[in-house]
Every structure is written in C-alpha cells, then in structure tokens.
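Let me begin by presenting the structure, written as structure tokens, before commenting on it.
Okay, structure coming up:
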C-alpha cells in the first residue's frame, strides 16, 4: 500500500470485520494466497489476499477493495451453511478415487470388453469434473447471495463490495474476450458475473456462453443467477440453483471428459499419466479448488438468519420445476446418507467408549484452548479484566437490546450461550451425541422440505419488483460515499487538515446532517444513527415523573451549586475592587478615614471575560433503568438549573441502541439545545428520558463532542460530562475493543477540539467508569455530585 504498512491495513480490516460480524475473528493479510473464510467450531478466521486489489488506481480505491473482500468473507461466515457444502467437497474426493478404480478396470479388461470400461471411465471422469465444478458453482452463487445480505446489513459494505467486484469482473471480461474455444471455467465465469455483477449493470453481456448456448437458455441462466442472489433464503436453495446451472454445461462436461479419457487411456497403457493432472487443471483449476477447500472444509451452520427478500422476481414455471426436482432429489440423498450414518453409530459410539477419559480430556483441552484464544484476541490491555467481570451487567443489557432487535438473532445468541455453559462431560456422553445428531438431521430435513414453500411466499409477498437500473444507482452512490470516507481518513492520518471547521458558536442542524465519525474512529462504519430532536420530547416518562417530584425539593442544592460553579468557572470575569485609593469612586465603608489619610475612594478594574460551555451526555441503555436513570435525570436537572442561573450555556443529549430497519443502530436524543438553556420548558424536556436497548458509547460521545465543538468559539472552555454506569456494550462493540475506541475518541477530541471529557458514575455498579475515563467522578447519589464534580473540574481545568 502507498499510504500505510501491512500491519496497519490488517488492523483496519480486522476492526471492520468485527464490526460486521458482531464478534471477534482472526484475520490475516496475505499475498498470492487467495481470500477465504473458515470455521472451526466456534473459532472463525479470514484470510485476505492483498494482491486481489492490484487493479486499484489509487490508495482509497485499493483500501475500499480490501474492505469489500473482507465484507464478502464476513457474509460467508454469517450466512453460508459450511456444513452443507462440506458434503459436496467430500463427494469430489470420492469421485476422484473412483477414477483410479475405473482406470484399473480398463487395464484388467479383455480387449473385446475394453470399450465398455473405457466408456465407464469417461462417465466417471465426467462425474468428477461435474462434482468439482459444482463446488465452484455453489461458491459463485453463494457469493452473490451473501454479498446481497451483507450489503443490506451495512451500506458501506454494499459500496466496498461493489468496488471489489468492479475491478475483478472488468479484468476477467477483458480476458474472456480473447477466448475462442471456451472451457467450462470460462462459461462459469459468465454465470458468476450474472450473480455478482449483472444485477446492477444492465448493460452486461456474457462473453463465452453465447458460443455454446442459444439465447433463450442464456436468458434462463441470467434469471436463475439474479434470482438466487435476491430471492433465495437458504443455502439449500442456492445449491439447487447451482445444480440446474450445471445441467446447461453438461454437454460441454461430456465433451471434455471424452477428451481427457482418450489421453488417460493412452497414458494407462504407456504406464505414464504425467500429462493427466495438467489436463484436469485446465477444467478443474487447481488454485480455485484449493481456495474453496479452505473455505468449505468446515463443519458449521450459518451464524445469523438471513433477511427476507426485499424484491419480488418470478421465475418461469419450467425453471421452478427444475429447482423443485433438484431440491427433492437432494433431500432424498440426505435422508439416505443420514440412514447410513445412523446404522454405523453403534460402532462409532463403542469406539468412543474405548477411548474413555482420553477423549474427554482432549475435548476439555480443546475447549480450554478455544477460550484462551478468544480471551487473547479480545484483550489488548488490562481494560478487559474489568469488562469481563461485568457479565451480569452485560447480560442484562443484552436482554434489553434483544427486545428491540431481531428475535431470531436473539434466540441464536441464547442457544450459543447455553452451549458454552454446558458441562463438557454431559456434552461428551453417548446419549447426548445421538440426540443432538438426530435433532440436527431432523432440522435440516425440515428446512429442505420448506424450500419450495418459502419460494412461493417470497414471490407472492407484496414486494417491489427487482430493477437493475435502481440497483446500479444505489451501488454507485454507496461506492462514492465509501471512497469519500476513506479519503477523509487518509487526510486525517497524514495530518493535512482538520476534519471539521472550527466552531462558530452557532448551533448546527444535527437533525439534517449528522457528521461522519470516520475521521475519529473506523469502528462505527456502517452503523446507522437516528437523531431525535429536542422538540419531539413532549411526554414525561415514568421515571421522569418520579425524578421531577424529587427535583422540586432540590432548589437549595441548585443555588449552592450555582454559586460554587460561578466561583470556580467564572472567577476571571469578576470585577476586581481596590479600596484605600485617594481618587475614584467614594467607598462608603472607608469614610472613617476622611479625618486621617483621606483614602476614602476605590477603583474597579473590570474582570477578564470568560466563557464556558457544557455538554451532558446520558447513557440511556437498559442497564440504566430504574434508580440509575432517575439519578441521571436529577444530575442533569441540577446541572442545567445551576448553569441557567449563572448563564453558562448547556446542552443535554442521550443515547441508546434500537432496531433501525433490519439493523441494530444507535438512537441519539437531544433534550436541550445550547440556545434554549435559559428556557425552563426546554430544560424540563429531560424528564422524558427513557432507558432501553444497549449503548454504543464511542459513537455517541463523538456526536455529543461535535455538537459542543460547533456551538463553541476558540476561547471557550468546553466540558463534556458523560453520565454512564460502565462498559460500552453493543452488537460487535464490547470489551477492550469498545473501551479502546472510547479512549481514542476522547483523546482526539481533547487534542483537536480542546474538549475536556469527564466520566460520571452515580449509584451502584459504576466502578468501571474510572477505568474508561481518566477524569471521572464516582458518587453514591446526586447529593454528593456537586462537591465531587467541582473537585474534578478544578483539576481538569487547572484553575
């Protein structure tokens, strides 16, 4: 890369992957190795081939391509059924072994019977070629579907994937234009382009398929490929699509099999098969199969349920019948395979019993190793120690968040958690193994049986029709935004200019245009933020009503706090009075000196004008509900009322997460604007605050800091008070990963915007605040807040 070293790139890609997946993942940046993803139990890994971005014209495009490849592999980890694909890869190995056996039968046959065995060898080579190319076809069709899913999960991912596909496909098209006699691989490239590129490029024309197929069949292939991308809801459907597509290539497969068989037989009788691997590679592709083996040689089901189709697209009846036929055939094969597996289960179980404690020990050791790897990958400093200790708090927050998010995803997390807490000895028992296998088999059979029903529901649903022109505009817009974000990040890294203009003291319209946090942190890319302006907070919440009653008795505390704040923050603005002067204004207190030294006058030196602005940010996640939220509201009331008395502009915001469309995003509330701080009705909007969802602190702190910065002038003292109960906790954003993000954003705001950030924990279970914020206040209740806050402000502002 021209702008950064590989370590920095790998770090960015890993952060981006964690943000998309919602959990830790091993990511490695390599060269000439192919890009693929892999699952091994609960451990997931991604390998990104940096050379796949060589076609990029500039560093921003190159980085976007790498992000796109990363998003693509994350899509496989989230939505692909690796366990299902494994069966087809195993079939390739089985068919390859059968070729050797068929060849031996040719050698052993009598001359008058040899032709029959040669034909059998040709058929077996054809089955092997088809099985190997079917794996590649499944991977290509799956590519289109997972890219569609991950693009709906994140707009930035949609743009980055488009960047990656544009370069790869355009390069391949130029190569295919030179092909005269297309191979199976060449024709499959056209099919892959239909699924991954033509859906948003209406002008796309295949290069090789027209040389072997009529126009009507090419239209059917196009429809199947695009339908598989936008309308399928499971990997089983996409496997059926792949098998139908392979039927179109069967004559070419048979032709290539006959050609290879002729060379194979000659080699058999010469006892020299050295030319056969190269002939096979021309059709199979050694590099491709190696990459697919890495990604498919795994035994895990999808991590996340797929989103339902967003478009309707009806297939011709003939294609529907072909798909249903393939699905039914696959279901029967799965049932037969499962029956064979069950018949041999007693022998397998007895061998497990023979292993005894060794097997149990190995299992425990593996689990322990996996846990240690997870801990090490998510722990970058001592911050993790306290975040790991808050499991109860995290579970409570997650339960609140899941009430707003996709119920299927919540259920999936619950099952995952229960698996992790299961006793290894129970998990290893023979009865549990048999029960688990039968349940998994039954589930997969049921899913296969429902495919055609889901297909009908998707087509009959009231959805907009698919439109390639609209997809083209959507992709170009997302790609442009992604490139602009990367370029801003590059400028920040190179220190060319500040990311935002200096504050003017005038309130920006956050409602119309939220700023991009990309220049401060790349850990929130693709996270949607919904802004709720102040005037929409009209009704008191249940907790707010209770807090308002309590605040009515806080007038004395407000007055006392206001006097102390004024003495601390505005001391430079007080007029300085000098008594005992021989000229000036008469000082009545010194009139007794008229008969002595006549120093009965005084002079007043005007104080230096000072200005302070305060932003309050409330954590409104589910863990703050009840007494914590009431304390937070009372603290905000104390601050706003005191600031109004001494005319210090103050603003109050709050944040939590919620389901926004199909994603879990952040909701940012503004309760009080700086310009309205003198209005009592505006200050009382804080009593509408409610606690729900989770908390993505870094993103909220950035927006609150930006609002404070843009409403201030350079000479203003800018103070951000963050009232929270502990660690950040959101989908893909927790532990040291999130804590470090908060620290980095706070540090950048101090350096670039001169904002002093103070973390405030009120009540119980807030001891983690001090490990996140260097400047912090921990108090048992609001009554102690004013004293402790004044102390930390005096230290922070050095007054």
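In my numbering, the protein residues as written are 13 to 811.
Beta carbons are placed, not taken as given, at the ideal position from N, Cα and C, and that holds for glycine.
Next item on the list: Might you give, ordered along the chain, the residues of its own chain that have their beta carbon closer than 7 Å to the beta carbon of residue 613, omitting 5 neighbours on each side?
Entry: Answer for residue 613: 593, 594, 595, 596, 597, 598, 599, listed in chain order.
Next item on the list: Measure the alpha-carbon distance for residue 740 versus residue 102 and round it to whole angstroms.
Entry: Each residue's CA atom was taken as its position, placing residue 740 and residue 102 some 44 Å apart.
Notebook entry, point to check: Is it buried or exposed for residue 479, if we count other Cβ within 10 angstroms and need 16 for buried?
Noted result: Exposure of residue 479 is indicated by the presence of fewer than 16 other C-beta atoms within 10 angstroms of its C-beta.
Next item on the list: Could you tell me whether the stretch 25-41 touches the stretch 56-65, where touching means 3 or more Cβ pairs closer than 8 Å?
Entry: Yes: the two stretches touch, three or more of their Cβ pairs being nearer than 8 Å.
Margin query: From the DSSP secondary-structure annotation, give me the bridge partner or partners of residue 773.
Written below: DSSP lists 790 as the bridge partner or partners of residue 773.
Item checked: Burial state of residue 192, where buried means 16 or more other Cβ atoms lie within 10 Å -> Answer is exposed; the Cβ neighbour count stays below 16.
Checklist line | Whole-Å CB distance - residue 133 paired with residue 86, under 8 Å assumed | finding: Actually they are not in contact, since the Cβ atoms of residue 133 and residue 86 sit about 43 Å apart, beyond 8 Å.
Check: Going by beta carbon distance, what residues of the same chain come within less than 7 Å of residue 639, once the five residues before and after it are set aside?
Finding: These residues qualify, in order along the chain: 775.
Check: What does a CB cutoff of less than 8 Å around residue 28 pick up in its chain, not counting 5 residues either side in sequence?
Finding: Closer than 8 Å at Cβ, skipping near neighbours: 79, 82, 83, 534, 537.
Next item on the list: List the residues that DSSP assigns as beta-bridge partners of residue 742.
Entry: Beta-bridge pairing links residue 742 to 745.
Item checked: Coarse secondary structure for residue 549, derived from DSSP in three states -> If DSSP states are grouped into helix, strand and coil, residue 549 belongs with coil.
Note to self: Going by beta-carbon coordinates alone, are residue 648 and residue 698 separated by less than 9 Å?
What the structure shows: Yes, the pair counts as a contact, with Cβ atoms nearer than the cut-off.
Check: How big is the Cα-Cα spacing for residue 251 and residue 50?
Finding: CA-to-CA, the gap between residue 251 and residue 50 works out to about 19 Å.
Notebook entry, point to check: Okay, do the stretch 649-664 and the stretch 622-637 touch, 3+ Cβ pairs below 8 Å being the bar?
Noted result: Taking one beta carbon from each stretch, the stretch 649-664 and the stretch 622-637 have 3 or more pairs nearer than 8 Å; the two touch.
Checklist line | Alpha carbon of residue 162 to alpha carbon of residue 723, nearest angstrom | finding: Annotation: residue 162 to residue 723 spans about 37 Å, alpha carbon to alpha carbon.
Notebook entry, point to check: For the stretch 262-273 against the stretch 168-182, are there 3 or more C-beta pairs whose distance is under 8 Å?
Noted result: The stretch 168-182 and the stretch 262-273 do not touch, with fewer than three beta-carbon pairs separated by less than 8 Å.
Margin query: Suppose the cutoff is 6 Å on Cβ atoms and the five residues either side in sequence are ignored; what does the same chain contact list for residue 718 look like?
Written below: Correct list, in chain order: 527.
Notebook entry, point to check: Of all the options 36, 66, 70, 35, which has the alpha carbon lying nearest to the alpha carbon of residue 498?
Noted result: Of 36, 66, 70, 35, the residue nearest in Cα terms is 70.
Note to self: Using the three-state DSSP reduction, which class does residue 189 fall into: helix, strand or coil?
What the structure shows: Three-state DSSP puts residue 189 in coil, outside helix and strand.
Check: DSSP on residue 131, reduced to helix/strand/coil?
Finding: Of the three classes helix, strand and coil, the one that applies to residue 131 here is helix, per DSSP.
Item checked: alpha helix (DSSP H) segments (min. 4 residues) lying fully within the stretch 106-190 -> Within the stretch 106-190, the complete alpha helix (DSSP H) runs of at least 4 residues are 126-165, 167-188.
Next item on the list: Have a look at residue 686 and residue 182 and give me their C-alpha separation to the nearest angstrom.
Entry: Cα to Cα, residue 686 sits roughly 52 Å from residue 182.
Note to self: Spatial neighbours of residue 240 within its chain, please: C-beta separation below 7 Å, excluding the five flanking residues on both sides.
What the structure shows: Take residue 240, set aside five residues on each side of it, and the residues of its chain with a beta-carbon closer than 7 Å to its own are 153, 156, 157, 207, 250, 253, in chain order.
Margin query: For a minimum of 3 consecutive residues, which ranges assigned as the beta strand (DSSP E) are wholly contained in the stretch 655-734?
Written below: Segments of the beta strand (DSSP E) lying fully in the stretch 655-734: 662-672, 675-684.
Notebook entry, point to check: Smallest Cα separation from residue 766: which of 742, 735, 809?
Noted result: Of the candidates 742, 735, 809, 809 places its Cα closest to the Cα of residue 766.
Notebook entry, point to check: Can you check whether the CB of residue 768 is closer than 9 Å to the CB of residue 760?
Noted result: No, the pair does not count as a contact, with Cβ atoms beyond the cut-off.
Next item on the list: Could you give the DSSP three-state label for residue 596: helix, strand or coil?
Entry: Coil.
Next item on the list: Tell me whether residue 616 is buried or exposed, calling it buried when 16 or more other Cβ atoms sit within 10 Å of its Cβ.
Entry: Exposed, because fewer than 16 other Cβ atoms sit within 10 Å of the Cβ of residue 616.
Item checked: Neighbour-count burial assignment, residue 590, 16 or more Cβ in a 10 Å radius -> With fewer than 16 Cβ atoms within 10 Å of its Cβ, residue 590 is classed as exposed.
Checklist line | Pair within 9 Å by beta-carbon distance, residue 680 and residue 544 | finding: Judged by beta-carbon spacing, residue 544 lies within the 9 Å limit of residue 680, meaning their Cβ atoms are closer than that value.
Checklist line | Cβ-based neighbour list, residue 560, same chain, cut-off 6 Å, excluding 5 preceding and 5 following | finding: Cβ contact annotation for residue 560 (same chain, cutoff 6 Å, sequence separation greater than five): 699, in chain order.
Next item on the list: Please classify residue 50: does DSSP put it in a helix, a strand, or coil?
Entry: Looking at residue 50 - three-state DSSP - the assignment turns out to be strand.
Checklist line | Burial state of residue 745 (16 or more Cβ within 10 Å) | finding: Burial is judged here by how many other beta carbons sit within 10 angstroms of a residue's own beta carbon; residue 745 has at least 16 and is buried.
Notebook entry, point to check: Would you report the Cα separation of residue 727 and residue 581, rounded to the nearest angstrom?
Noted result: Looking at the two C-alpha atoms, the distance is approximately 14 Å.
Checklist line | Residues near residue 286 in its chain [Cβ-Cβ closer than 8 Å; skip 5 each side] | finding: Excluding positions up to five away in sequence, the list reads 279.
Item checked: Nearest to residue 781 (by Cα), restricted to the options 801, 122, 66, 736 -> Measuring from the Cα of residue 781, the nearest candidate turns out to be 736.
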